[in-house]
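There are 2 protein chains.
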Amino acid sequence: MVVGEREPVGRALDVLTWLASNPRPPWSVRQVARALEMSPTTIHRIFGVFEGRGLLDRDGDGGYVAGIELYLICHSVAAQLSPVPLVRHHLEALCEKCDETVLLGAYDPKRTRMMFIDVVESPHPVQYLSTLNEWMPVHSGATGIAIFAFLTEPERKAIYAKGLEQVTDRTLVTERELEKAVQRVHELGYVCSRGQRTPGAVGIAAPVFDSAGNVFGDVCITIPEQRFEDSMAETVGAAVRETSEVVTGELRRAGYRRGVA
Amino acid sequence: MVVGEREPVGRALDVLTWLASNPRPPWSVRQVARALEMSPTTIHRIFGVFEGRGLLDRDGDGGYVAGIELYLICHSVAAQLSPVPLVRHHLEALCEKCDETVLLGAYDPKRTRMMFIDVVESPHPVQYLSTLNEWMPVHSGATGIAIFAFLTEPERKAIYAKGLEQVTDRTLVTERELEKAVQRVHELGYVCSRGQRTPGAVGIAAPVFDSAGNVFGDVCITIPEQRFEDSMAETVGAAVRETSEVVTGELRRAGYRRGVA
DNA sequence: GTAGGCGTTCCGTCAAACGGAACACATGTA
DNA sequence: TACATGTGTTCCGTTTGACGGAACGCCTAC
């Protein structure tokens, strides 16, 4: 299908997507217009439709805020489609076993980024992981590399081409280093890294695949460096890998599929 | 704003909304077209755009299924906007206190329906409540009436005008009976009913309001009739009401607002 | 062979999406 | 006070692509 210049539905979806990933209401017409390189008139029109359907609401100062309909639609979809309730008890079991915080990562082939969609916090007095539900690069840290390593080569090349963001001073930012790490993941079945995404945190992660065999995301454990010793890597890694395989099985049973890039 | 015949964005949103509340993929072009009284051509075009953005995906047999982007957008929004994490621990506390299943109901003024968006199951071996995340009438059972009673009179009249569905043989289906129940809720601050929505289940519920003072939903407890005695109504009712007030306070603190009808 | 289901394509019509310009109002600044 | 810049909004002429009916090609069922 040839996409032309004018595509109201597509544009409206872009706005919706932007709202979803920039959740700091109130939103302003011209702010969105600038961000998406559209005319304020266009955004105003789209906002008007959204408001009419209850997706957006006004905050009294003329600003636009999320309407209840936006929430309810998204809640329905997320509740029906989310793998989280499907796999949560496996994450909890892993947390109990290792006594450390467990995360579930999900990869978006379109954005070529990942985010954590669920956490099971350990009882330790750890810092709350504020990166939940935020898009992050997929090349940084064990939590990213466990996914990155199972992308196709063209996908990885595309990410290299886009440039590798230096998240911390330990982040691997050259193709050479990353490809070496990728190879190691394939050998071990899990990854372990120190401070590549969060300074002071050790990450151990293993990939999760959907029912079509594409990498869906990963199961991760993060451990503060003070509590971590090298000797733990192997046993924890094995446990993470085991859980990731169980989760993969769970997704397969449920017929879970990742979108095609 | 005058809405005309042709409104691509609005129609696309209608489709999206329909997909969200009819989550039994794969979806077919003509099925949606019939349900929304649009031409298959139109749905096909909209599906094309959705597919292009990754909101929809194909299942190999030509059918359309949810794409990862649909899930990710909705997950982001739901995670940012959901009152559930905000209030869950209060529901858990109520569950612990009463030792029965606690539900959080949310009302949609546009659909004039409600749904349960969260449950805390009691440890009792109860039947799983399959009505989670499904739209239900707001006039049936304590779980509905606690909300219904705090709608404006025009809103209630509109619901009467639409006709009152007989969910069970005990459901109140006349304006007279319902208005009497409404009055009682206003006096007591909570409602108690038997089998008006689910045969064999007693429901006790109290309203929750958003920061603008509109009714957002309710806090509910359901108890199997075998375990229920009339003497419990008052103490459980008070506990439910107390929790609902705490939850209201929580929404107010967070600036939670319901859309205007 | 016929009937009905499906997703899809073609096409002429015309409603409405589009962006630039201007408006009304609220700021902060000189 | 006058000006500059911000906001949401309205107006308008141009033109594009949304629209639905009809038809196509493919399936399964009878």
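These protein sequence lines are chains A and B, in that order. Read in order, the letters of the first sequence are residues 542 to 802 in my numbering. Read in order, the letters of the second sequence are residues 542 to 802 in my numbering. Here a beta-carbon is modelled for each residue, glycine too, at the ideal position from N, C-alpha and C. These numbers were taken from a predicted model, which means no experiment stands behind them.
Between the alpha carbons of Glu783(A) and Ala690(A) lies a distance of about 18 Å. When the Cα atoms are used, Ser617(A) and Asn563(B) turn out to be separated by approximately 9 Å. With a minimum length of 3 residues, the unbroken runs of beta strand (DSSP E) contained wholly in the stretch 620–691 of chain A fall at 642–649, 654–661. In the DSSP assignment, Leu597(B) is bridged to Ala607(B).
Collapsing the DSSP output to three states places Val743(A) in a strand.
Taking C-beta separations shorter than 7 Å and ignoring five residues to either side along the sequence, the partners of Ile609(B) in its chain run Gly595, following chain order. The stretch 575–584 of chain B and the stretch 636–650 of chain A do not touch, with fewer than 3 CB-CB distances between them shorter than 8 Å.
Counting only Cβ-Cβ distances below 9 Å, Asp649(B) has contacts in chain A at Gly595, Ile609, Glu610, Leu613, in chain order. A direct Cα-to-Cα measurement between Asp598(A) and Ile686(A) gives close to 40 Å.
Counting C-beta pairs with one atom in each stretch, the stretch 611–630 of chain B and the stretch 724–735 of chain B have fewer than three that are closer than 8 Å, which means they do not touch. A contact between stretches requires three or more CB pairs, one per stretch, nearer than 8 Å, and the stretch 673–687 of chain B meets this requirement with the stretch 732–743 of chain B. Exclusion of the five residues before and after Thr715(B) leaves Leu705 as the residues of its chain whose Cβ lies within less than 8 Å of its Cβ.
Annotation for Pro765(A): the continuous beta strand (DSSP E) segment containing it runs 756–765.
Beta-bridge partners assigned by DSSP to Pro748(A): Asp759(A). Between Met656(A) and Asn674(A), the C-beta spacing is below 8 Å. Each residue's CA atom was taken as its position, placing Val550(A) and Val726(A) some 41 Å apart. Judged by beta-carbon spacing, Glu791(A) lies within the 8 Å limit of Val628(A), meaning their Cβ atoms are closer than that value.
Within the stretch 549–561 of chain A, contact with chain B at the beta-carbon level (separation under 9 Å) is assigned to Pro549, Val550, Gly551, Arg552, Ala553, Leu554, Asp555, Leu557, Thr558, Leu560, Ala561.
Taking all protein chains shown into account, Thr693(B) has fewer than 16 neighbouring C-beta atoms within 10 Å of its C-beta and is therefore exposed. Within the model, the alpha-carbon separation for Tyr648(B) versus Leu713(A) is close to 49 Å. According to the DSSP secondary-structure assignment, Arg575(A) is paired through a beta bridge with no residue.
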